[in-house]
Every structure is written in C-alpha cells, then in structure tokens.
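End of the sequence shown sits at 688 in the numbering used here; the numbers just go up one at a time, nothing left out. Ideal placement from N, C-alpha and C gives every residue a C-beta, glycine not left out. Below is one structure, written out as structure tokens; the observations come after it.
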Amino acid sequence: MSEVQDRIWHPNDQVTAAGNGEELRDPEVFKIIENSINELDKDLRELSLDISAHPELKFEEHHAHDVLTTFMEKQGFDVTRHYLLPTAWVARYTHGSGGRTVGVNSEMDALPGVGHACGHNLIAIAGVAVACALKRVLQSRNINGSVVLLGTPGEEGGGGKAILLEKGAYEGIDVCLMCHPAPGPPVSASLSGCLAVQRIQAEYRGHTAHAALAPWEGQNALDAAVSAYTNVAMLRQQIKPTHRVHGVFEGKDWTPNVIPDYAKMLWYIRGPTWAEVEALVPRVVSCLEAGALATACSTEIKKIGGTFELRQNKTLGDEFKSIYESRFGPVDYKYGISSASTDFGHVTYALPALHPGFGIPTEEHGGNHTRAFTKAATTPEAHTACLNVSKSLAAVGVRVLTDDAFFTEVRVPPQAVPFSQLITSHPLFLR
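Spelled out as structure tokens, the structure:
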C-alpha cells in the first residue's frame, strides 16, 4: 500500500488514546481543559451533526452561522453576528484587563454535491471547544487575557479568511489556532504544511452555427476549452511532482446540434510556496490562450483569488506535539492535508499560527472531498479525535496567555508580516 493508504483507519479498528505518558507542563490546567470540553461533549456532538445535516456552500452558511452564534451566546461569549461578511461571526470573551489574545477559527462551509466532505462540521466544533476551554481556564485561574473565536466562511474556494484578514478581523490577535481532519488513525495528528494556490477563470467566446448544416460558420468555444484542457494535460509532464494543476468545464445552453459560443473553465494552480505558484501561472495561462488561438475564439483569463502556503509556527507546533503525544498519540510532519490548500495560509503569514491535522477513521479511497469522508466526519470516533486535538490546542493557547518567555519565542521572525505590507504587496486581495 502507498504511504497515504497506510494512513487509512477503518471504524472497526479498535484504538484508544495511548500517549507516551510524559508529564505535562501543567497537568492541573490540562485537567481544567479536559473537564470543560468533556462537559460539552454531548452538545458539541449534536452541533456537529446538525451542521453536517445542513451542508451549505461558500458564503451561504446561514444555518451554521445561526446555530454556532446561538451556541456561543449560551456559553457566555459576546457575539457579533454577520461580522464583516454576511455569514461570518465573532465570539469574544475577556477576563480582567490587559493580557494577550488567542484567536481560534471555526470553518463552516460544505462542498457542492458531497456535503461536508472536508469535515468542516468538525472544524466548527473544534473552534468552539478550544474557545470554551480557554474561557474556563481564564476564569478559574484568574488570568488576564482574551479569546476570540472567528466563524470563517468560504474556505472552499472563496478565500474567506483572506478577505477577513484584509478587513481587519485578525488585528489585535496575538496567535491563531485551528485544526483540520484527514484520513488516519483517530489518535494521530500532523503538523505538515499546505500548498499555496492561485485560482484562475478562463472564458471563451465564439459564434454559434448549425453543427451539421453549416459548421464552418461557427467558432466553437467548447473546442477552445477542450484544447486548453489538453494543453494543460501535456504541461503536467513538465512540472514538478510537488505542483498541482487541475480544472473543470462550465457551459450554458449547450446542445449537440448547435456549436457552443461560450465555455468557461476554472483552474487551481498549486505549489509548495507562493513564489513557485507565481512562476507556474504564466505557463498555464499560455496553455489556456493557445486553446482560443487554435479555434479563432476570444478569451478572457483572470485571477479570481488565491492563498499562501501554510506556515506552521515552530514554537507553537513543538508545544502542541509535546502535549498531544503525552496524552493521545504520535504527531508527524508529513501527512495531514499536506497536498491541499487552505486560506488559513494567509493568516500564518500575518501572525503566529498553528493548523494541525488530525486523523479520523474512513474507508479506503475515502479521503477528503469524497462522500465517504462526509460520512466519516459524523462517526463517534471522528468526534472523539476532534475533541482530543481541541484539548491539546487549548493547552497551547493557555501557554501563550501565561508564559512570557514562550510567547517571545513564538514571535521570533519570520512568523509575522505587517498587515499593511501583506495587503498592499500581494494582489491576492484584489478580486
């Protein structure tokens, strides 16, 4: 089996948390976190299943917005609904005065046709669990500080966090934490990175004609798109194995006996770094332009947003690894969602941040963005795995709030890029 397949874990495989037993830095604080999240176990499970049962596409997460904000209000947070974007929201809690601020993210959107096939129902409740646990620790230990939970819409192709970053949603947050499920043993986590991605739209316009009576009068926009697709397929042989280029067709009013005068393609171009993506984009664009040239069609090609690669903060990651391995299981730097992309990459350029993956049981060939993963993300095993990683992230957050030396190390460059520089120097924000 391949290395990826080796990570598949079936629901009938009985596994329990088996940490290495090393002493935690502050076991009493971890106990507070554990008790807090365990008390919410049933409610969080119901919330996850509710969100999964009502899948909503990017920027249409109205049901998820409402149930999550209602839940956070009941937990004593100051909630702002429809925050900066129609389906975004923020829940804040501050104890005392001064202190640092830990940010957490909850994703909410689903995918067309396959629902919550990336497990955003689990990411949503993980954010809730971490925020609620941090609130409990701030109260019980009388710590000055704040926790800010952002409900971030439109991760699947919408770049919601990049938009929120541009609008100032992350200003004042010292570090930001979140997590993401992937196939694997339910007592495993990963600190792998993620690929940068540029999204491109190509539109082709031609001229209709009767496909049998007078085809020579037409200019076939669908042929232009098919030719472009073939060109990109040939390009793939000459790109690095760490790069990804993939796209789909869209059309309107297509019928076999009319030569199509319009076709649209959506493309994702990915690479380990943003610089590599920028270098690959012109090569892909040339392939798309050639399709129009070959068919005498016109074309309009434009960038429709993109996101940077994921940069895990090493100090935060080391702390997470120590905690998770002590209590639950191994942490690797290879698996997770390493060949995917996330708009959280933008956040990791702007401030110290951490985005571990965590394993959930699924069937073979049932990884992210499959219907099998949609089902897997609703299993009790996946729920437990989600709470385990949430407990570990909350413990990392507590150390940020309480340990000055640790926080100083977290902020060591090049983790942070000023907001003004990030926004003005990169055209990703120009949509």
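**Message:** Check whether the stretch 628-636 and the stretch 428-436 touch, using three or more Cβ-Cβ pairs below 8 Å as the test.
**Reply:** no
**Message:** Residues in the same chain with beta-carbon distance under 7 Å from Thr351, minus the five sequence neighbours each way, listed in chain order, please.
**Reply:** As a working note, residue 351 is residue 94 in the sequence shown. Excluding sequence neighbours, Thr351 sits near Ser403.
**Asked** Counting along the chain, where does the beta strand (DSSP E) carrying Glu557 start and finish?
**Response** Taking the first residue of the sequence shown as 1, we reach residue 557 at position 300. Residues 555-564.
**Request:** Starting from Glu330, follow the alpha helix (DSSP H) in both directions and report where the run begins and ends.
**Result:** Counted from its first residue, the sequence shown places residue 330 at position 73. Taken as a continuous stretch (DSSP letters only), the alpha helix (DSSP H) holding Glu330 covers 319-331.
**Asked** Does the beta-carbon of Asn378 have 16 or more other beta-carbons within 10 angstroms, so that it is buried, or is it exposed?
**Response** Your numbering for residue 378 matches position 121 in the sequence shown. Answer is buried; the Cβ neighbour count reaches 16.
**Message:** Against chain B, does Arg398 count as a neighbour if the rule is that its beta carbon must be under 8 Å from one of theirs?
**Reply:** The chain labelled as chain B is not found in the depicted structure, where only one protein chain is given.
**Prompt:** So, are the CB atoms of Pro529 and Glu566 less than 8 Å apart?
**Reply:** For this step, residue 529 is matched to residue 272 along the sequence shown. For this step, residue 566 is matched to residue 309 along the sequence shown. Yes, these two residues count as a Cβ contact at 8 Å.
**Prompt:** Since His627 contacts Ala374 with CB under 8 Å, what's their CB separation in whole angstroms?
**Reply:** Here the question's residue 627 lines up with position 370 in the sequence shown. Here the question's residue 374 lines up with position 117 in the sequence shown. Here residue 627 is Thr; the residue named in the question, His, does not match the sequence. Confirmed, about 6 Å.
**Request:** Tell me whether the beta-carbon of Trp346 lies closer than 8 Å to the beta-carbon of Leu314.
**Result:** Along the sequence shown, one-based indexing puts residue 346 at 89. Along the sequence shown, one-based indexing puts residue 314 at 57. No, Cβ-Cβ distance for Trp346 and Leu314 is not below 8 Å.
**Request:** Measure the CB-CB distance between Gly376 and Asn362 and report whether it falls below 8 Å.
**Result:** For the purposes of this step, residue 376 is taken as residue 119 along the sequence shown, with counting starting at 1. For the purposes of this step, residue 362 is taken as residue 105 along the sequence shown, with counting starting at 1. Contact: no.
**Request:** Could you round the C-beta distance between Val286 and Ala536 to whole angstroms and report it? I think they count as a contact, below 8 Å.
**Result:** The residue given as residue 286 occupies position 29 in the sequence shown. The residue given as residue 536 occupies position 279 in the sequence shown. Not quite, the Cβ-Cβ distance comes to about 46 Å (not below 8 Å), so this is no contact.
**Request:** Compare the Cα-Cα distances from Trp531 to each of Val454, Glu280, Asn488 and report the closest residue.
**Result:** Locating residue 531 in the sequence shown gives position 274, counting from the first residue. Checking every option, the nearest Cα to that of Trp531 belongs to Val454.
**Message:** Rounded to the nearest angstrom, what separates Thr605 and Ser555 at their Cα positions?
**Reply:** Start at 1 with the first residue of the sequence shown, and residue 605 comes out as number 348. Start at 1 with the first residue of the sequence shown, and residue 555 comes out as number 298. So the two alpha carbons sit approximately 39 Å from each other.
**Request:** Taking only the alpha-carbon atoms, compute the straight-line gap between Gly578 and Gly276 and give it to the nearest angstrom.
**Result:** Looking up residue 578 in the sequence shown gives position 321. Looking up residue 276 in the sequence shown gives position 19. Here the sequence assigns Lys to residue 578, which means Gly is not the residue at that position. Distance between the alpha carbons of Lys578 and Gly276: 11 Å.
**Request:** Spatial neighbours of Asp480 within its chain, please: CB distance less than 7 Å, with the 5 preceding and 5 following residues excluded, ordered by chain position.
**Result:** If you number the sequence shown from 1, residue 480 lands on position 223. Same-chain partners within the cutoff: Thr552.
**Request:** Out of Leu550, Val655, Gly623, state which residue places its alpha-carbon closest to the alpha-carbon of Leu573.
**Result:** In the sequence shown, the residue the question calls residue 573 occupies position 316. It is Val655 whose Cα lies nearest to the Cα of Leu573.
**Prompt:** With respect to the beta strand (DSSP E) encompassing Leu521, which residues constitute its N-terminal and C-terminal limits?
**Reply:** The residue you call residue 521 lines up with position 264 of the sequence shown. The sequence given here has Lys at residue 521, not Leu. For Lys521, the enclosing beta strand (DSSP E) has its first and last residue at 519-528.
**Asked** Does DSSP put Ile680 in a helix, a strand or coil?
**Response** One-based indexing of the sequence shown puts residue 680 at position 423. Legend: pLDDT at Ile680 = 44, less than 50; position of this residue unreliable, no value from coordinates given.
**Message:** Three Cβ pairs or more, each shorter than 8 Å: is that satisfied between the stretch 408-427 and the stretch 638-650?
**Reply:** no
**Request:** Can you say whether Asp661 is buried or exposed, counting buried as having 16 or more other CB atoms within 10 angstroms of its CB?
**Result:** In the sequence shown, the residue the question calls residue 661 occupies position 404. Classification of Asp661: exposed, given that the 10 Å Cβ count is below 16.
**Asked** Hey, how far is the Cα of Gln332 from the Cα of Ala386?
**Response** For the purposes of this step, residue 332 is taken as residue 75 along the sequence shown, with counting starting at 1. For the purposes of this step, residue 386 is taken as residue 129 along the sequence shown, with counting starting at 1. Cα-Cα distance, rounded: 11 Å.
**Request:** For the beta strand (DSSP E) holding His503, just list the boundary residues, first then last.
**Result:** Position 246 of the sequence shown, counted from the first residue, corresponds to residue 503. Here the beta strand (DSSP E) through His503 covers 501-507.
**Request:** Classify Gln396 as helix, strand or coil using the three-state DSSP reduction.
**Result:** As a position in the sequence shown, residue 396 is number 139, starting the count at 1. Helix.
**Prompt:** Leaving out five residues before and five after Val538 in sequence, what residues of the same chain have Cβ atoms less than 6 Å from its Cβ?
**Reply:** Taking the sequence shown and counting its residues from 1, the one referred to as residue 538 is at position 281. Gln455, Ile526.
**Message:** Can you tell me whether Arg493 is buried or exposed? The criterion is at least 16 other CB atoms within 10 Å of its CB, across all chains shown.
**Reply:** Residue 493 sits at position 236 when you count from the first residue of the sequence shown. By the 10 Å Cβ count, Arg493 comes out exposed.
**Request:** Identify whether Thr572 lies in helix, strand or coil by the three-state DSSP scheme.
**Result:** The residue labelled residue 572 in the question sits at position 315 within the sequence shown. Residue state, collapsed to three classes: helix.
**Asked** What separation, rounded to the nearest whole angstrom, lies between the Cα atoms of Asp589 and Thr337?
**Response** Against the sequence shown, residue 589 aligns to sequence position 332. Against the sequence shown, residue 337 aligns to sequence position 80. If you take the alpha carbons of Asp589 and Thr337, they lie about 37 Å apart.
**Request:** Could you check the C-alpha separation between Tyr592 and Ala381 for me, to the nearest Å?
**Result:** Numbered from 1 along the sequence shown, position 335 holds the residue referred to as residue 592. Numbered from 1 along the sequence shown, position 124 holds the residue referred to as residue 381. Whole-angstrom Cα-Cα distance: 21 Å.
**Request:** In the DSSP assignment, find the alpha helix (DSSP H) that holds Glu535 and state where it starts and stops.
**Result:** As a working note, residue 535 is residue 278 in the sequence shown. Note, Glu535: alpha helix (DSSP H), 531-552.
**Asked** Skipping 5 residues on each side, what residues in its chain have a beta carbon closer than 7 Å to that of Ala468?
**Response** The residue given as residue 468 occupies position 211 in the sequence shown. In its chain, beyond the 5 residues on either side, Pro513, Asn514, Val515, Ile516 have a beta carbon closer than 7 Å to the beta carbon of Ala468.
**Message:** Just to confirm, is the Cβ distance from Ala459 to Met522 under 8 Å?
**Reply:** Here residue 459 is taken as the residue at index 202 of the sequence shown, counted from 1. Here residue 522 is taken as the residue at index 265 of the sequence shown, counted from 1. Contact: yes.
**Asked** Are three or more beta carbon pairs between the stretch 595-612 and the stretch 282-302 nearer than 8 Å?
**Response** no
**Asked** Between Thr564, Pro613, Asn570, which lies nearest to Pro587 when the distance is taken from Cα to Cα?
**Response** As a position in the sequence shown, residue 587 is number 330, starting the count at 1. Among Thr564, Pro613, Asn570, the Cα nearest to that of Pro587 belongs to Pro613.
**Asked** Helix or strand or just coil, what does DSSP make of Asn401?
**Response** Numbered from 1 along the sequence shown, position 144 holds the residue referred to as residue 401. Residue state, collapsed to three classes: coil.
**Prompt:** Start and end of the alpha helix (DSSP H) containing Cys643?
**Reply:** Within the sequence shown, numbered from 1, the residue matching residue 643 stands at position 386. Taken as a continuous stretch (DSSP letters only), the alpha helix (DSSP H) holding Cys643 covers 637-659.
**Prompt:** Taking the DSSP output, what are the residues bridged to Asn362?
**Reply:** The sequence position of residue 362 within the sequence shown is 105, counting from 1. Paired residues: Leu407.
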